[in-house]
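According to full-length UniProt numbering, the sequence shown holds residues 1 to 317 in order. Since the structure comes first, as structure tokens, the remarks are kept for the end.
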Amino acid sequence: MAIINAFGNIDLYVFLLSWFLVSAVCVWGRPATFLQDFQISWSESHIKQIDQGRAIQLILDQNSGCGFASKSKYMFGRVSMKIKLVPGDSAGTVTAFYMNSDTDTVRDELDFEFLGNRSGQPYTVQTNIYAHGKGDREQRVNLWFDPSADFHTYTIMWNHHHIVFYVDDFPIRVYKNNEAKGIAYPKMQAMGVYSTLWEADNWATRGGLEKIDWSKAPFYAYYKDFDIEGCPSPGPANCASNQSNWWEGATYQALNAMEARRYRWVRLNHMIYDYCQDKPRANDSRVCGDEGCVRLQEYKSKAISVSIMQLYFSAND
């Protein structure tokens with residue numbers, strides 16, 4: 001009643017209430033528990049809820065892996081989860097967190113795939129992007145910490161300008177919208193959010209040389225803080241094209257200065273494979289779209305130039 005008196009107009013109050021409700025439907029975010037926005041899609045016996053559904057445990061053994069999926073699909077926005085990966089000897093296992101349009105030969109897909117390792121070796125995260133059914137855009141980064149010791153946040157930011165993969169606050173991949181150059185970009189299909197834990201020892205660890213050791217099973221991965229902020233589909237028709245959505249704002253159209261420095265640091269020190277450096281793939285301009293096909297050598301040449309300048313000035317100081 002105080003709000004009505006302040007505005008002096010009950011119609012305005014009704015309008016504001018309606019606007020709030022529409023906005024809440026248009027931009028979905030931050031489920032409180034796993035089952036609020038997700039469902040088990042594969043092997044229910046191998047997924048266990050923890051802390052009244054605020055966290056879950058995925059299990060892989062010789063009988064089965066497992067997976068879960070969002071109940072809705074989304075157009076643009078940000079999805080993130082905190083994940084604690086399989087500890088110890090996890091060779092041959094893959095823990096995946098990804099978005100997928102589930103449209104077969106023309107699917108769009110944004111992948112985080114965490115490739116298990118032998119004890120003492122770094123964990124590798126592989127990212128991949130499918131646009132209009134075309135993939136083969138793998139990049140691999142060795143993580144600079146032990147992702148099985150604690151939870152870390154993994155995020156996919158997707159808007160009309162670019163797609164950014166984050167590990168905590170570090171961008172590890174930037175795929176820009178270069179449709180003007182004839183490079184496909186996912187923007188027409190809503191995507192669901194998925195995660196799986198499965199065995200892939202024919203390729204996951206050192207190209208399949210390291211096989212899974214089933215004597216170490218069962219393998220466990222843990223998830224919590226499920227966060228989806230985007231336009232649900234089906235939903236309001238104008239949500240996905242609304243440039244007022246926070247993820248379309250100027251702040252999110254390019255990396256800021258700190259993110260750019262962190263991105264260069266990751267590429268220089270921890271990237272171990274980039275499809276844009278794979279000449280048969282890089283020569284196909286329809287495939288190589290990351291950072292407008294910026295080559296890793298460009299970053300290295302810049303770093304060398306800076307080092308030479310530093311040596312010159314220190315010698316003449």
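Just so it is clear, CB atoms sit at the ideal spot from N, CA and C, and this is done for glycine as well. On a predicted model such as this, the values are computed, not experimentally measured, just so you know.
(request) Taking 8 angstroms as the cut-off, decide whether the C-beta atoms of HIS161 and LYS187 are in contact. (result) Start at 1 with the first residue of the sequence shown, and residue 161 comes out as number 161. Start at 1 with the first residue of the sequence shown, and residue 187 comes out as number 187. Going by C-beta atoms, HIS161 is not nearer than 8 angstroms to LYS187.
(request) Name, in chain order, the residues that DSSP records as bridge partners for ASN142. (result) For the purposes of this step, residue 142 is taken as residue 142 along the sequence shown, with counting starting at 1. Paired residue(s): THR124.
(message) By the three-class DSSP mapping on this structure, what secondary structure does TRP247 have?
(response) In the sequence shown, counting from the first residue as 1, residue 247 sits at position 247. Correct three-state label for TRP247: helix.
(message) On the criterion of 16 or more Cβ atoms from any shown chain inside 10 Å, does ARG261 qualify as buried, or is it exposed?
(response) Counted from its first residue, the sequence shown places residue 261 at position 261. When all chains shown are included, ARG261 counts as exposed.
(request) State the DSSP-derived secondary structure class of TYR220, mapped to helix, strand or coil. (result) The residue given as residue 220 occupies position 220 in the sequence shown. Correct three-state label for TYR220: strand.
(message) Looking at the secondary structure, which residues open and close the beta strand (DSSP E) in which MET271 lies?
(response) Residue numbering aside, residue 271 sits at position 271 when the sequence shown is read from its first letter. Taken as a continuous stretch (DSSP letters only), the beta strand (DSSP E) holding MET271 covers 271-274.
(request) Check the DSSP bridge columns for GLY77 and list the partner residues they point to. (result) Mapped onto the sequence shown, residue 77 falls at position 77. Answer is TRP158 and GLY230, bridged to GLY77.
(request) Out of HIS152, GLU179 and ALA184, point me to the one whose CA is closest to PHE170's CA. (result) Reading the sequence shown from its first residue, position 170 is the one you call residue 170. Here the closest residue by C-alpha is HIS152.
(message) Quick check: what's the CA-CA separation for THR139 versus TYR98?
(response) Taking the sequence shown and counting its residues from 1, one reaches residue 139 at position 139. Taking the sequence shown and counting its residues from 1, one reaches residue 98 at position 98. Position check: residue 139 holds Gln in this sequence, whereas Thr was assumed. Using only the alpha carbons, I get a separation of about 15 angstroms.
(request) Give a yes or no on whether the C-beta atoms belonging to SER195 and GLY77 are separated by under 8 angstroms. (result) The count along the sequence shown starts at 1 and reaches residue 195 at position 195. The count along the sequence shown starts at 1 and reaches residue 77 at position 77. Not a contact, by the Cβ cut-off of 8 angstroms.
(message) So the candidates are SER90, SER45, ALA237 and TYR74; which of them puts its Cα closest to the Cα of TRP214?
(response) Along the sequence shown, one-based indexing puts residue 214 at 214. The residue with the shortest Cα to Cα distance from TRP214 is SER90.
(message) In this structure, how does DSSP classify THR93 when only helix, strand and coil are distinguished?
(response) Taking the sequence shown and counting its residues from 1, one reaches residue 93 at position 93. Taken through DSSP and simplified to helix, strand or coil, THR93 comes out as strand.
(request) Output yes or no for whether 8 angstroms exceeds the beta carbon distance between THR95 and LEU110. (result) Here residue 95 refers to the residue found at position 95 of the sequence shown. Here residue 110 refers to the residue found at position 110 of the sequence shown. Against a cut-off of 8 angstroms, the Cβ pair of LEU110 and THR95 comes out as no contact.
(message) So, with DSSP's three-state summary, where would you put TRP198?
(response) In the sequence shown, counting from the first residue as 1, residue 198 sits at position 198. DSSP places TRP198 in strand when its eight states are reduced to three.
(request) Please state whether DSSP places HIS152 in a helix, a strand or coil. (result) Here residue 152 refers to the residue found at position 152 when the sequence shown is read from its first residue. It is a strand residue.
(request) Taking ASP146 as the reference, give the member of TRP203, ALA131, ASP61 and VAL167 with the closest Cα. (result) Position 146 of the sequence shown, counted from the start, is the residue given in the question as residue 146. Nearest option by C-alpha distance: VAL167.
(request) Measure from the alpha carbon of GLN52 to the alpha carbon of each residue in HIS270, TYR185 and GLN36, then state which is nearest. (result) Here the question's residue 52 lines up with position 52 in the sequence shown. Out of HIS270, TYR185 and GLN36, GLN36 has the C-alpha closest to the C-alpha of GLN52.
(request) Determine, using beta carbons only, whether TYR222 and ILE47 come nearer to each other than 8 angstroms. (result) In the sequence shown, residue 222 corresponds to position 222, counting from 1. In the sequence shown, residue 47 corresponds to position 47, counting from 1. Cβ atoms of TYR222 and ILE47: not closer than 8 angstroms.
(request) Give every residue of the same chain whose Cβ lies closer than 7 angstroms to the Cβ of SER119, excluding the five residues on either side of it in the sequence, and list them in chain order. (result) Locating residue 119 in the sequence shown gives position 119, counting from the first residue. Excluding sequence positions up to five before and after SER119, its CB lies within less than 7 angstroms of the CB of GLY88 and ASP89, all in the same chain and listed in chain order.
(request) Answer yes or no: do LEU60 and PHE219 have a C-beta to C-beta separation smaller than 8 angstroms? (result) Reading the sequence shown from its first residue, position 60 is the one you call residue 60. Reading the sequence shown from its first residue, position 219 is the one you call residue 219. Taking 8 angstroms as the Cβ cut-off, LEU60 and PHE219 qualify as a contacting pair.
(request) Could you tell me which of ILE129, SER241 and ASN202 sits nearest to CYS276, measuring between CA atoms? (result) Position 276 of the sequence shown, counting from 1, holds the residue named residue 276. That would be ILE129, whose Cα lies nearest to the Cα of CYS276.
(request) Whole angstroms is fine: what's the gap from THR93's alpha carbon to ASP227's? (result) What you label residue 93 is simply residue 93 of the sequence shown in a count that begins at 1. What you label residue 227 is simply residue 227 of the sequence shown in a count that begins at 1. Approximately 25 angstroms between the Cα atoms of the pair.
(request) Look at the alpha carbon of PHE165 and the alpha carbon of MET258, and state the distance between them as a whole number of angstroms. (result) Here residue 165 refers to the residue found at position 165 of the sequence shown. Here residue 258 refers to the residue found at position 258 of the sequence shown. PHE165 and MET258: Cα-Cα distance of roughly 15 angstroms.
(request) Specify, as a first and last residue, the run of the alpha helix (DSSP H) that GLN36 falls within. (result) Residue mapping note: residue 36 aligns to position 36 of the sequence shown, counting from 1. GLN36 -> alpha helix (DSSP H) spans 34-37.
(message) So, for ASP102: in the same chain, excluding its five sequence neighbours on each side, which residues have a beta-carbon less than 7 angstroms away from its beta-carbon?
(response) Here residue 102 refers to the residue found at position 102 of the sequence shown. Only GLY192 meet the Cβ criterion.
(request) Sort out for me which residues DSSP pairs PRO86 with in a bridge. (result) As a first step, residue 86 is located in the sequence shown; it is residue number 86 there, counting from the start. In the sequence under discussion, the amino acid at residue 86 is Val, which differs from the Pro named in the question. Per DSSP, none; premise fails for VAL86.
(message) Using a Cβ-Cβ cutoff of less than 6 angstroms, which residues in the same chain neighbour ASN242 once the five nearest sequence positions on both sides are dropped?
(response) By one-based count along the sequence shown, residue 242 stands at place 242. No residues qualify anywhere along the chain.
(request) Name, in chain order, the residues that DSSP records as bridge partners for GLY67. (result) As a first step, residue 67 must be located in the sequence shown, where it is residue number 67. Bridge partners of GLY67: TRP42 and THR196.
(message) Please state the DSSP three-state secondary structure of ARG173.
(response) As a first step, residue 173 is located in the sequence shown; it is residue number 173 there, counting from the start. Strand, per DSSP.
(request) Check the C-beta distance from ILE156 over to VAL79 and give it rounded, since I have them as a contact under 8 angstroms. (result) Counted from its first residue, the sequence shown places residue 156 at position 156. Counted from its first residue, the sequence shown places residue 79 at position 79. 5 angstroms between Cβ atoms; contact.
(message) Along the chain, where does the beta strand (DSSP E) containing GLN49 start, and where does it finish?
(response) Within the sequence shown, the letter at position 49 stands for residue 49. Here the beta strand (DSSP E) through GLN49 covers 47-50.
(request) Could you work out which residue in GLY182, LYS73, GLY208 and ASP104 is closest to GLY235 when comparing CA atoms only? (result) Taking the sequence shown and counting its residues from 1, one reaches residue 235 at position 235. It is LYS73 whose Cα lies nearest to the Cα of GLY235.
(message) Between which residues of its own chain and GLU248 is the CB-CB distance below 7 angstroms, once the five residues before and five after are set aside?
(response) In the sequence shown, residue 248 corresponds to position 248, counting from 1. Excluding five sequence positions before and after GLU248, the CB atoms of its chain that fall closer than 7 angstroms to its own CB belong to ASN159 and HIS160, given in chain order.
(message) Measuring alpha carbon to alpha carbon, tell me which residue in TRP144, ALA184, ALA240 and ASP225 is nearest ILE272.
(response) As a position in the sequence shown, residue 272 is number 272, starting the count at 1. Among TRP144, ALA184, ALA240 and ASP225, the Cα nearest to that of ILE272 is on TRP144.
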